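For reference, the structure is listed below as structure tokens.
There are 2 protein chains.
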Amino acid sequence: MSTRFTARRMVLSGPLAAAVARALGEVPGLATRVAAAGDVSAADLAWADSYAGFTVPGNLGSSAVRWVHAMAAGVDAALRSLGTSPAVGGPVLTRTVGSMPRAIGTYVLGQVLADHLQLARYRDQQARHVWAPLANRAPGNRGVVVLGTGEIGAGIAGVLRGGGFRVVGMNTHGRARAPFDEVVALRDGAAHLAGCDVLVCALPLTDATRGLLGHDLFAHLDDALVVNVGRGACVVPAGLRAALADGHVRHAVLDVVETEPLPGDDWRWDHERVTLTPHVSGPTEPADVVAAILQCREALARGERPALAVDLARGY
Amino acid sequence: MSTRFTARRMVLSGPLAAAVARALGEVPGLATRVAAAGDVSAADLAWADSYAGFTVPGNLGSSAVRWVHAMAAGVDAALRSLGTSPAVGGPVLTRTVGSMPRAIGTYVLGQVLADHLQLARYRDQQARHVWAPLANRAPGNRGVVVLGTGEIGAGIAGVLRGGGFRVVGMNTHGRARAPFDEVVALRDGAAHLAGCDVLVCALPLTDATRGLLGHDLFAHLDDALVVNVGRGACVVPAGLRAALADGHVRHAVLDVVETEPLPGDDWRWDHERVTLTPHVSGPTEPADVVAAILQCREALARGERPALAVDLARGY
Chain A
305 MSTRFTARRM VLSGPLAAAV ARALGEVPGL ATRVAAAGDV SAADLAWADS
355 YAGFTVPGNL GSSAVRWVHA MAAGVDAALR SLGTSPAVGG PVLTRTVGSM
405 PRAIGTYVLG QVLADHLQLA RYRDQQARHV WAPLANRAPG NRGVVVLGTG
455 EIGAGIAGVL RGGGFRVVGM NTHGRARAPF DEVVALRDGA AHLAGCDVLV
505 CALPLTDATR GLLGHDLFAH LDDALVVNVG RGACVVPAGL RAALADGHVR
555 HAVLDVVETE PLPGDDWRWD HERVTLTPHV SGPTEPADVV AAILQCREAL
605 ARGERPALAV DLARGY
Chain B
305 MSTRFTARRM VLSGPLAAAV ARALGEVPGL ATRVAAAGDV SAADLAWADS
355 YAGFTVPGNL GSSAVRWVHA MAAGVDAALR SLGTSPAVGG PVLTRTVGSM
405 PRAIGTYVLG QVLADHLQLA RYRDQQARHV WAPLANRAPG NRGVVVLGTG
455 EIGAGIAGVL RGGGFRVVGM NTHGRARAPF DEVVALRDGA AHLAGCDVLV
505 CALPLTDATR GLLGHDLFAH LDDALVVNVG RGACVVPAGL RAALADGHVR
555 HAVLDVVETE PLPGDDWRWD HERVTLTPHV SGPTEPADVV AAILQCREAL
605 ARGERPALAV DLARGY
């Protein structure tokens, strides 16, 4: 990114396209077009020098588009559409972060507290008009392990620490990062996994993370709550099911699954110790998308690599 | 309490009596007796100079007991048994606080997040195998008002602030107290009530607080979540029901009600916007009771008023 590039003609698609285009209408020197839902026409792509959306159209690679902005934080699908190799001259890929780390952290804290307070069991008792205190579930001093120490993982750690939890981050290299109490490398993590009360997956989907939460990793856990707010395909469903049966996992909260929506006949809908939410932990706020687009556009215009640029070699 | 008094013979009753007596067995100069559940014999009372339990036996007033320790934080029932007037020469009444403010704060935070995240609605959708994101409930910058700024209210404020909420305390005098962001007097509170997202009741039960959360107070609220972790009788049930119908209250979380257990035919069991839990937000930990008894005993032996002593005139 040593050359300066000022985006002047952006095509936007997806459910937030109209709202984002309206806000960008105020920006001098930047024209926008909103593509019809689910489709970006050849004419639009021929006109555009930049693109923003939740998905990346398959015909974008052969266009003159030099910059693609992902409206979401997860970019695995965008990378598949673009081709994952860091080809020289391909479009720059940037993403939205904004308020998402804090929102996802709040979701995780809410689910952890709901588990500790046994809110679902009390709700079932209320439905039966039963007034009966349950044995207190005291997590003691077992803490939380967060897999993934990027922006999302760090946001989760910040919120959980505010809630009084000790939070260990786990990644490939084990380098310290704020606000984690401690960061360990995955290869050194067995004791932390064995001792944790909650394991949170905040991983992007890459070749290294696909299926990482499977039999071998779950075998280290002891009666833990597992929360997945990363990517569904990081978890092996059969491995999770066995870990729920064997007591390694006491409860799984899944905001993401490998196929969304989850097929109607999947076992996870009805497992009494699985909580499903439909990929809502980190809502994309239009204002965050607008701010991210402006920030990236300005960096590109200065010939700098945007802070929100995706590392094509790493895949996130 | 200008005279020194060293308790030497304590009768304990209630579900924690045996565990607390065991721990107190280590204390030099202090003998204990565990009373049969629900009853304290005349012989035990004739022997005792001090008493600890969740309830206070009616025949205690005529005994030689000089110090009564309430195992719980709420002392309204104990005061009724003892007689509420600060009669000269009556027993000193102390109470347990310990980890309860933090536990109750965690309960409130969990319920507030469960409401914001709409966990109950997502659970209902899961039961029907429905994958459908709900419109995000963004509380914006509306904060939390906590009625009552004593130990429990302050504990709630501390936990909620850790969770990122702005917390206004409300009491009779309006004097600042940590860790509240702001404390206002109830008589000046109309604007704060109108603007709040969550109203938490952390009040003791006194003549001034009985029925305080009724029609007039609820009328100030606008689509607020109400959480009662104080005393059940602070809320007027008919006033709450009307406020739920009129939109002043969007959802009520009641850990306490005026009659516990709540009678089986009460409307609150089945109201879809009422969440009931059976008085579990602040579990009494035996270790906290033991620590409180020791702390109060030492203060009394020095001729000092224990920090955990109840003000008989105020009633808390």
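Residue numbers (this note's numbering), protein chains in the order written: chain A, 305 to 620; chain B, 305 to 620. Don't be surprised by glycine CBs; every beta carbon is placed ideally from N, CA and C. Source: prediction; values computed, not measured.
From this set, A:G536, A:L544 and A:R399, which residue's C-alpha is nearest A523 (chain A)'s C-alpha? A:L544
Can you grab the Cα-Cα spacing for the pair H583 (chain A) / R535 (chain A), in whole Å? 10 Å
Count the other CB atoms within 10 Å of the CB of D559 (chain B); is the residue buried (16 or more) or exposed (fewer)? buried
Run of the alpha helix (DSSP H) containing T410 (chain B), from where it starts to where it stops: M404 to L421
When you compare each of A:A339, A:A323, A:G619 and A:H373 to R514 (chain A) by their alpha carbons, which one comes out closest? A:G619
Between the CA atoms of G365 (chain A) and L386 (chain A) - distance to the nearest angstrom: 6 Å
Can you grab the Cα-Cα spacing for the pair G493 (chain B) / A424 (chain A), in whole Å? 34 Å
Going by beta carbon distance, what residues of the same chain come within less than 8 Å of N363 (chain B), once the five residues before and after it are set aside? V344, A346 and L349
Quick check on C600 (chain B): does DSSP put it in helix, strand or coil? helix
With 16 as the cutoff for other CB atoms within 10 Å, does P395 (chain B) come out buried or exposed? buried
Can you tell me the Cα-Cα spacing of R406 (chain B) and G473 (chain B), whole angstroms? 16 Å
For chain A, find out if any of its Cβ atoms is closer than 8 Å to the Cβ of D550 (chain B); answer yes or no. no
For N440 (chain A), count the other beta carbons within 10 Å of its own beta carbon; 16 or more makes it buried, fewer makes it exposed. Which is it? exposed
If you draw a straight line from the alpha carbon of S585 (chain A) to that of G452 (chain A), how long is it in whole angstroms? 16 Å
According to a CB-to-CB cut-off of less than 8 Å, which residues of the region 584-606 of chain A neighbour chain B? V584 and P587
Determine the DSSP secondary structure at T307 (chain B), reduced to helix, strand or coil. coil
Taking the C-alpha atoms as reference points, what is the distance between R606 (chain B) and I597 (chain B)? 14 Å
Quick check: what's the CA-CA separation for V450 (chain B) versus A458 (chain B)? 9 Å
Can you list, in chain order, the residues of its chain with a C-beta nearer than 7 Å to that of Q429 (chain A)? Leave out the 5 residues immediately preceding and following it. A436
Verify whether the separation of the beta carbon atoms of G414 (chain B) and C500 (chain B) is less than 8 Å. no
Can you give me the C-alpha to C-alpha distance between F309 (chain B) and L604 (chain B), rounded to a whole angstrom? 5 Å
Can you give, in chain order, each stretch of the beta strand (DSSP E) that sits fully within the region 317-348 of chain B and has at least 3 residues? 335-338
Do D353 (chain A) and R399 (chain A) count as a contact pair if the criterion is CB distance below 8 Å? no
Verify the CB distance criterion: does R427 (chain B) have a CB-CB separation below 8 Å to chain A? yes
Residues of the region 391-411 of chain A in Cβ contact with chain B at a cutoff of 7 Å, in chain order, please. T410 and Y411
Under 8 Å, Cβ to Cβ, is there at least one residue of chain A near A321 (chain B)? no
Determine, using beta carbons only, whether T581 (chain A) comes closer than 8 Å to chain B. yes
Pick out the complete beta strand (DSSP E) segments inside the region 454-501 of chain A, 3 residues or longer, and give them in chain order. 471-475 and 486-489
Closest residue to A546 (chain B) among B:R384, B:R572, B:P565 and B:L566 (Cα-Cα distance): B:R572
R370 (chain A) (DSSP reduced to helix, strand or coil): coil
For N532 (chain B), the residue or residues it bridges with in DSSP: B:C505 and B:L558
Unbroken alpha helix (DSSP H) run spanning L256 (chain B), endpoints: The requested residue 256 (chain B) does not occur in the structure, where chain B is confined to residues 305 to 620.
Is the distance from the Cβ of T581 (chain A) to the Cβ of L417 (chain B) below 8 Å? no
Would you verify that the beta carbon of G534 (chain B) is, or is not, closer than 8 Å to some beta carbon of chain A? no
DSSP three-state assignment for V553 (chain A), whether helix, strand or coil: strand
Between L517 (chain B) and C505 (chain B), is the Cβ-Cβ spacing less than 8 Å? yes
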